[in-house]
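For reference, the structure is listed below as C-alpha cells.
Protein chains: 4
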Amino acid sequence: MEQLRVGMVGHAFMGAAHSQAWRTVNHAFDLPLQARMSVVCGRDEDRVAAAAATLGWEAHATDWRKVVARDDIDLVDICTPGDTHAEIALAALAAGKHVLCEKPLANSVAEAREMAEAAAAAQTRGVRTMCGFNYRRVPAVALMRRLVAAGRIGTVRHIRAVYLQDWIVDPEFPLVWRLRRDVAGSGALGDIGAHIVDLTQYVTGARITGVSALTETFVRERPLPTEAAGLSATGNGHAGSGEVTVDDAALFLARLDGGAIATYEATRFATGRKNGLRVELNGSLGSVAFDFERMNELEFYDATAPSDEQGFTRILVTEPDHPYMAAWWPAGHPIGYEHSFTHEARDLIAAIAAGEDPAPSFADALQVQLVLDAVERSAATSAWVPVEAELASV
Amino acid sequence: MEQLRVGMVGHAFMGAAHSQAWRTVNHAFDLPLQARMSVVCGRDEDRVAAAAATLGWEAHATDWRKVVARDDIDLVDICTPGDTHAEIALAALAAGKHVLCEKPLANSVAEAREMAEAAAAAQTRGVRTMCGFNYRRVPAVALMRRLVAAGRIGTVRHIRAVYLQDWIVDPEFPLVWRLRRDVAGSGALGDIGAHIVDLTQYVTGARITGVSALTETFVRERPLPTEAAGLSATGNGHAGSGEVTVDDAALFLARLDGGAIATYEATRFATGRKNGLRVELNGSLGSVAFDFERMNELEFYDATAPSDEQGFTRILVTEPDHPYMAAWWPAGHPIGYEHSFTHEARDLIAAIAAGEDPAPSFADALQVQLVLDAVERSAATSAWVPVEAELASV
Amino acid sequence: MEQLRVGMVGHAFMGAAHSQAWRTVNHAFDLPLQARMSVVCGRDEDRVAAAAATLGWEAHATDWRKVVARDDIDLVDICTPGDTHAEIALAALAAGKHVLCEKPLANSVAEAREMAEAAAAAQTRGVRTMCGFNYRRVPAVALMRRLVAAGRIGTVRHIRAVYLQDWIVDPEFPLVWRLRRDVAGSGALGDIGAHIVDLTQYVTGARITGVSALTETFVRERPLPTEAAGLSATGNGHAGSGEVTVDDAALFLARLDGGAIATYEATRFATGRKNGLRVELNGSLGSVAFDFERMNELEFYDATAPSDEQGFTRILVTEPDHPYMAAWWPAGHPIGYEHSFTHEARDLIAAIAAGEDPAPSFADALQVQLVLDAVERSAATSAWVPVEAELASV
Amino acid sequence: MEQLRVGMVGHAFMGAAHSQAWRTVNHAFDLPLQARMSVVCGRDEDRVAAAAATLGWEAHATDWRKVVARDDIDLVDICTPGDTHAEIALAALAAGKHVLCEKPLANSVAEAREMAEAAAAAQTRGVRTMCGFNYRRVPAVALMRRLVAAGRIGTVRHIRAVYLQDWIVDPEFPLVWRLRRDVAGSGALGDIGAHIVDLTQYVTGARITGVSALTETFVRERPLPTEAAGLSATGNGHAGSGEVTVDDAALFLARLDGGAIATYEATRFATGRKNGLRVELNGSLGSVAFDFERMNELEFYDATAPSDEQGFTRILVTEPDHPYMAAWWPAGHPIGYEHSFTHEARDLIAAIAAGEDPAPSFADALQVQLVLDAVERSAATSAWVPVEAELASV
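Protein chains in written order, with UniProt numbering: chain F, 1 to 394; chain D, 1 to 394; chain A, 1 to 394; chain B, 1 to 394.
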C-alpha cells in the first residue's frame, strides 16, 4: 500500500497524542494510504531520541528545517508551542509538504493570515492543510453536528459554551511556557477557548460576528519552573518567580451570523472541573448538549416528540451507526480522548488520498484567530468588538 | 359543599404526612367533597392534644373505639403500627366507615385476609377501603404505568426493584418498634419491601407467582430506646439492650404471571442511600426507570426511535399533561414527597364521591401480604415458594 | 397565640404559592405568631371570590387601598405585576403595615429607590419589609451559602449562573402581560434574571460592580391573548397581534467586589429547560453547584480532600441537619418548589416576632434593581456599565 | 530489550482488543520486556491472513498446535470460544508457554479444574498463567478495590451487581455461536455474569459461598446465521431456524464468606442498556458504586465525613494518582474500553518479567467456574446450592 510518510515536530503532550493516532489509524480504519512514522523532531537530542523509542518513530532529528526539507517526508505534523507554528508551517508548505498544525493556528492574526494565504497558494498545487481542532472528531460532537445539520433542533437561538479546567488553581504551580505570552500567545483563551470557538461554529455552521469580553489573571506571579514540562512542571523555590503574562480566564458574549446569541467561558481556575468542555445549543425545535467529561454521551431534546414524553435523551454514542464508531468495538463500549486524534488522522489521510481539502482548513483556523483577537481587544477596551469578517474570507 | 369527616388514628410520621394531605387536597384539587379534619386519636392525652394543634385537627381523642363509633365521622384513617391495623379496620368497617389503612395492610396473612373479606362485605353496603401505597401517586410512577399500559415498552421481561435506606447502619441506633416483630410484623421487608412489591405489580399489571428469598439481620442486638419515637429515637445506655427480631434486609428473585423475571431488594443498611426506591422495567420495545431520590423524573427508552437517536430520555414529570401535575405550579416546578399523600387523598375522595372503589383495595394489599409471606417462608427454607394465588382472589 | 393577620393583593401564580405557604407554615414550624389568612384582594369580584374559596382566605376584596387601610391587617403581601408594587407598598408602609413584596421590587430604579427609602423610614417605627426572592430559602441554596460563608470553597473566583426556561419558544404563544414593558418592566431579565442576581450575591456575600450585557427578542410580534392568564394564556386569531416590548433573553458578564468574575444568562428560549436555575461557584479551595431541576441536591467539591478521592459530592439536602429540613420528613424525603415559600414565610414571621429585620430587605432588592438597570443600559450601548454603588447604600 | 513473543489464537472481537493492547502497551508503559506480535492463528486461511494485516501481526497460521509448539513463541494468548480453551491451554502449558486465556476459563468445571491443575504444575517450572477478566484493570475498578482494601467503606454488607446488555432483544437476531451451549457453555451467565462474579469477589476480597438462582430464555428459537460473526451476524430467512440452548438471562442471590449478601443479574434483554456492568457495595463506613457506561467515574460515599456534607462523590478517575492513569494523558482526559486490555497486558508483562504470578490465576478462574456451575444447578433445582469451596482451593 502507498505510504504517507510523516515527520512530526514536537513530542510533548500533543506529540504523544498524535503518535498514538498515527500508530493506530490504519489498524482501526480501512484506508488507501498507510501512515508511516518516519521521523520525530525535537530540540534536545537525548529527549527526542527517547521520545522516538517510546512513541514508536523510526528516526529522530533535532533540526526541523532539515525534516521539512527531506524528500522522504510527505506530511509535517506540527505539535510545538504556538510561537513556532508559522515558521515551520510556511517552510513545510514551501517544500510542498502537507501540513497538520495544532491549534491555535498561530499566536497572532498576522501570522495566521500569512499561514492561511500560504495554504491557499499551496492548495492549488495539491498540497493539503488542516488545523488540529480534534474535538470535532469526538463521535458525540460529530453526531451533534449531524443532528443540527439535519434540522433536528431547528433554528439555533442559544449557544452556551464553557471549557473549564483547574490545573493552575494552586498558586505554587510554576510559570510554564503556557503562562507566557511570548510563547503561548494567550492563556486559557487560545489554549482551550479556541476549541469551543471552533466547535460551536462547526456544529452550528454559523460564525461569530462580534464579541464583548472580559479576561482575568487571578495569580499574577508564580515560581519559575526548574525545567519546562508542559502541564506538569514543579516549581523550585531557588529559581525565583516571574510574571504571568496571559489570561487565567476569558469570558465573552457573542452574536453569530445566523441570529444566535452566545456565552463563552474558558478558564483554568474552575476548581474540580478537570477538562470540562461543555456545549449546549437551544433551537426552535430542540436542543443538544455535550460534556467532554462524559465524552461518549450526547443529550438531545426533541420538542416535536409527544409532549408527555419529552425530555433530554442521553444518547450513548457508542453504537455502529454513530460517526466513526463502526471501526471500534461492539455496542456499548466507550472510547477515550485519544480516539479523537485517531479520527482526525483518519479524515486527513482520507482527504489526502482523495485529493480533497480536509477541514478545518487554515482559513477556518484564521477565522478562529480573528475571534480570539476580537476577544482580547474587547477585554482591553471594555467595548463591543466586531469580528473582522472581511479578513475571514481568505 | 358536602363534607368527608375524617378521624385519624396515629399521629407520628404517617399521621403528619396524612394531615398535610387532608389540609391541602381541597385547595389543590376541585373535588365534590370537602375533607374535614374532625378528630385525631392517640394513646397519650398530652401528645395527641399537641399533635391536634400542630397538625390542624379540630379535636383529639385517646380511645380509637370511640372514634370509629362516632356518628359524625365518615372515614377512619389508620396510621398506627401494623399490629393494630386489623382490629381498628374491622371495627371501623363494622361501624360503616370508609377506611384508609397504611401499609402493610397487616402483620400476617390471616389478619390481612380477614380485613380483605370484611372490606368485600362492606363494599356491598357502599363502604370504601383503600390501602396507603402512596408511591403509586408519585406523578412519575403514574406516568410509568401509563406508558407501560399504552404498550410503549412492549412485553415486560425484566423488573429490577430496590428500596435502599441507611438509617440503622449505626449499631447504636436503638431498638425502636419497627425492629420488633411483635409490633412491626417484619423489618425492611414489610416496611419498604411492601412498597416495591405493590409498585412493580401496579405498573406492570402482573402479579408475582413465586419467589426465592434470603433475609439477614446484620445487627442482632441493640440498645433499648428511652422512649418509642419512630425513626429518630436515641438509645440510652442505662436502659440495657434487646434482640432485633426482624430482618435488616430482604432479597428475593421472582417470576410474574406475564413471563417477566425480577430481582427485589429492601434494606436499611445501604449506606448513603437515604430513600432509594428504584424500579427499572425492560420490555421488548423499551424500558422505563425511576428513582425516588429524583422523584420528579422518569427515564424512558424508546427502542422504536431512530437508532442513532435512541437513549434514555429524562422526562421532567413536572408538566401540566403529566398525572396530577395540572393542579400544582407552572412548567418545571418540582413537587415533594408529601404530594403523593395529597394525590392519594384526592383519588380516595373522588372515588367515594363517585361511589366507586378506590385502588389499591384491601384485596390488593392482601395479595402483597401473600408475597411477603412467601418471601419469609422462602428465606426460612432456602426453597422456591409459590405465592398462593388462590388466596389472592378475594 | 398572637396572630399575624395577612392581606394579600393578587391571586395568580404567586398568590397561589404564597397561600400554600401561609396555610402550611404554622403546621410545619413552631413559631410565636400564628399566620391568619384574613383577606385576598383582586380586581375582578368573581375571580377573587373564587380564589378566596380555593386558596383558603377568610374574605376577599377588590380595592387594595381599603385592604391596606384595615385595622385588622398586620401584613400586606404583594403578589401583583411589577407596575403596581410601588404604589401598594408605599401605601401599606404609610399605613404601618409590614410588607412582603414579590420580586422584582419594582419596574424602575426610581420606584425601587422610593420603596427602599420608605422601608428605611418605616423600619425606625418597627415596620418590617422583605422582598420575595424565594430561592434563597431552598435548603440546598441555604446550604450553599453556609458552606461558602464557612470558607469551604475559599475565595470565589468564578460565578456561572443561568436561569433557563422554554415557555414561549412557540411563536403562537400570546402576548401576555409578562411580555409587555409597561406592565412587567422587562422580560426574562426582571422575571428570572433578578433571581440569579440576588441568589449569587446572597450566597457569595459579594456585589456586582459592573456589567457588559446583550439582550435579544427572538419573536417580536405575537397574537393578543383573549384574556390575561399569566404563563398559560392561549392566543386567539381574531384578537390580532401586538409587539413584544421586553427581552426574551438577557446575557451579561460581571465583576464582583470580591474579585470574582461571572457570566449570567436569563432566557425563555432554552428549549427543554423548564425551570433551569443553575449556579456554580468555583473558589480557591472548592466549588459548589446547584440546579433547581434537582432542587433537593447540592454538589460540593472539596479540593482539600485526599487527591484520589476528590470529586463533586452530590449531597441530598434532605437530612435533618440541613437548613429548614428538620421541620419536614425523615431522611431522604424530597420537598418541592412550594416549600421555598413556606420557608420564606417562616423567616418573615420569626423576624417580625423577634423585632428584627428580615432579609432580603427592600434595600437589597433596590441593589438588584440597580444591577438590572445597568444590564439594560449596557445592552443598549454595547458598553461596560458600572453599577451605581453609591445608590445601593440605602 | 528482551522480547515477549506472543502467539494469539482467535482474531474476532477479543482478538482485536488484545491486538490493540499488544500494539500499545510498550508505548504507554515503561516495561522490562517488549511485546512482539509474532503470529496470529485462525481456522480460515484467508480470514486470518487479513486479520494479521489489519491487526498488526508479523505472521499468521491456521493450526494452533503448531503455534503452541514453536520455539520462538513465549506466550500463547487464547481468544477463541470457550469450548476450545482447555485443549489449547493444556497444550501450551505442556509446551512451556505462558498462557493468557480469555474468560470464562472453560465451559465446564471439569475442564477448568484440569486447566488450574496444569497451571499449578507449570507454575513450579516458572510458567505463568492469567485469565482475562479485563474489567479488573479499569482504573475506576482498581480504585474501588484500593478504597475497599484500605477500609474506607468498612465491613461490606451489600453487593449489588448487574451486567445489562440488549443486543439480542430482536427475535430476528440469529443463532450465533454464543447462543449454543455446545460452543459457549452458557449464555449471559458465562459471557457477562462471569465478569461480575470475578469483579465483585476481586474488589471485596470475599468469595461466594452459596447461591439461589433463576435463569430464563425469552426467545427459544432463532434464525440460523448465514455465517458465524460474533455479536453482529445477520439472519438469513433461507437458512432455517434453530433452538437457543443457553440462558438469555441469569439472576441469583448469594452469600459471601465475609458476611455480605448479594444480588447478581446478567442479561442480554435489558433494552437500552448497552454494556451496563454496574456494581455497588454498601459497607459499615461507606459505599462505592461503578457503572461501566461511565467507566471513567467512581462514586464513593464516606459516612465518616461531616454529616451535612455527606453524599456520593463522583470521582473522575482520570488523574495521575489513580491506578494506571499516569501512563496516559494529563488531568481530565477519559480513556476507553480497550485500555483495560492494555493494562492487563502491562500487568502480565510485569509479572512475567519479575518472575511472579499474575492475577487472576487459573485457580481464581476455576473458582468463578464453580460459582457459575452452582448457579446453573440452583436454577435447575430451584434450591439453594453451596459453592464447592474445597475444590476452589486448587
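Positions of the beta carbon are idealized from the N, C-alpha and C atoms, including for glycine.
Bear in mind the structure is a predicted one, so any value in this text is a computation, not a measurement.
*Taking the beta strand (DSSP E) that Pro334/F falls in, what are its first and last residues?*
Where Pro334/F is concerned, there is no enclosing beta strand (DSSP E), given that its DSSP letter is neither H nor E.
_Which of the three DSSP states is assigned to Ala250/D in this structure?_
strand
*Is the shortest distance between the beta-carbon of Leu33/B and the beta-carbons of chain D less than 8 Å?*
no
*Neighbour list for Glu319/F in chain D, Cβ cutoff strictly below 9 Å*: Ser307, Asp308 and Gln310
_Residues near Met144/A in its chain [Cβ-Cβ closer than 7 Å; skip 5 each side]_ = Once the five neighbours on either side are set aside, the close Cβ partners of Met144/A are Val203, Val288, Phe290 and Leu298.
*Going along chain B in order, which residues have a C-beta closer than 9 Å to the C-beta of Glu293/F?*
Asn296, Glu297, Leu316, Thr318, Gly332 and Pro334
*Contacts that His158/D makes with chain A (C-beta to C-beta distance below 7 Å)*: Chain A residues near His158/D: none, gap ~26 Å exceeds 7 Å.
*So what's Asp83/A in DSSP terms, helix, strand or just coil?*
helix
*asked:* For a contact defined as C-beta to C-beta under 8 Å, what are the partners of Gly286/B on chain D?
replied: Thr271 and Gly272
_Assuming Gln34/D is part of the beta strand (DSSP E), what are its boundary residues?_
Gln34 to Cys41
*Answer yes or no: does any C-beta atom of chain A fall closer than 8 Å to that of Ala161/F?*
No, Ala161/F does not count as interfacial toward chain A.
*In the structure shown, what three-state DSSP assignment does Tyr163/A receive?*
strand
*Beta bridge counterpart(s) of Asp71/A as assigned by DSSP*: DSSP lists no beta-bridge partner residue for Asp71/A.
*Express the C-alpha separation of Gly154/B and Ala359/F in angstroms, rounding to a whole number.*
54 Å
*For Gln3/F, does the count of other Cβ atoms within 10 angstroms reach 16, so buried, or fall short, so exposed?*
exposed
*In this structure, does DSSP put residue 396/F in helix, strand or coil?*
As displayed, chain F neither begins before 1 nor continues past 394, which places residue 396/F out of reach and without an answer.
*Quick one: give me the first and last residue of the alpha helix (DSSP H) that Ile315/B is part of.*
Not the alpha helix (DSSP H): Ile315/B falls in the beta strand (DSSP E), residues Phe312 to Leu316.
*Compute the Euclidean distance between the alpha carbons of Ala374/F and Val368/F, then round it to the nearest angstrom.*
10 Å
*Which residue or residues does DSSP assign as beta-bridge partners of Ile168/A?*
In DSSP, Ile168/A forms no bridge with anything.
*Is any beta-carbon of chain F found at less than 8 Å from that of Ser232/B?*
Below a pLDDT of 50, predicted positions are generally treated as unreliable, and Ser232/B, at 47, falls in that range; the measurement from the model is reported next regardless. Closer than 8 Å: yes.
*Would you call the region 177–194 of chain A and the region 77–85 of chain A in contact, with 3 or more CB pairs under 8 Å?*
yes
*Who are the Cβ neighbours of Asn296/F in its own chain at under 8 Å, not counting the five residues just before and after it?*
Pro139, Ala140, Leu316, Val317, Thr318, Pro334 and Ile335
*Measure from the C-beta of Ala228/B to each C-beta in chain D and report whether the shortest distance is under 8 Å.*
Since pLDDT at Ala228/B reaches only 49, below the 50 mark, its modelled position is unreliable, and the value read off the structure follows with that caveat. No, its Cβ sits nowhere closer than 8 Å to a Cβ of chain D.
*Give a yes or no on contact between the region 302–316 of chain D and the region 166–174 of chain D, applying the rule of three or more CB pairs nearer than 8 Å.*
no
_So Phe173/B contacts chain D; which residues on that side make the cut at Cβ distance below 7 Å?_
Contacts between Phe173/B and chain D, judged by CB atoms closer than 7 Å, are missing: the closest CB pair is about 13 Å apart.
*Identify the continuous alpha helix (DSSP H) that holds Ser212/A and give its terminal residues.*
Unbroken run through Ser212/A is the beta strand (DSSP E), Ile208 to Glu216; no alpha helix (DSSP H).
*Shorter than 8 Å from the beta carbon of Ala51/F to some beta carbon of chain B?*
no
*What residue from His322/F, Ala91/F and His195/F has the CA that sits closest to Arg146/F's CA?*
His322/F
*Using a C-beta cutoff of 8 Å, does Arg23/D count as contacting chain A?*
yes
*Ala327/D beta carbon less than 8 Å from that of Phe29/D*: yes
*Where does Tyr324/F sit, in a helix, a strand or coil, going by DSSP?*
Three-state DSSP puts Tyr324/F in coil, outside helix and strand.
*Thinking C-alpha only, which one of Val385/F, Leu348/F, Glu356/F and Leu370/F is nearest Gly132/F?*
Leu348/F
*asked:* DSSP three-state label for Arg290/B, please.
replied: What sits at residue 290/B in the sequence shown is Phe, not Arg. Note: Phe290/B maps to strand in three-state DSSP.
*Could one say the Cβ of residue 403/D lies closer than 8 Å to chain A's Cβ atoms, at least one of them?*
The shown model of chain D, from 1 to 394, leaves out residue 403/D, and the question about it has no answer.
*Is the beta carbon of Thr313/D less than 8 Å from the beta carbon of Gly332/F?*
No Cβ-Cβ contact shorter than 8 Å links Thr313/D with Gly332/F.
*Based on Cα-Cα distance, which residue from Asp46/A, Ala120/A, Asp247/A and Tyr163/A lies nearest to Asp182/A?*
Comparing alpha-carbon positions, the option among Asp46/A, Ala120/A, Asp247/A and Tyr163/A lying closest to Asp182/A turns out to be Asp247/A.
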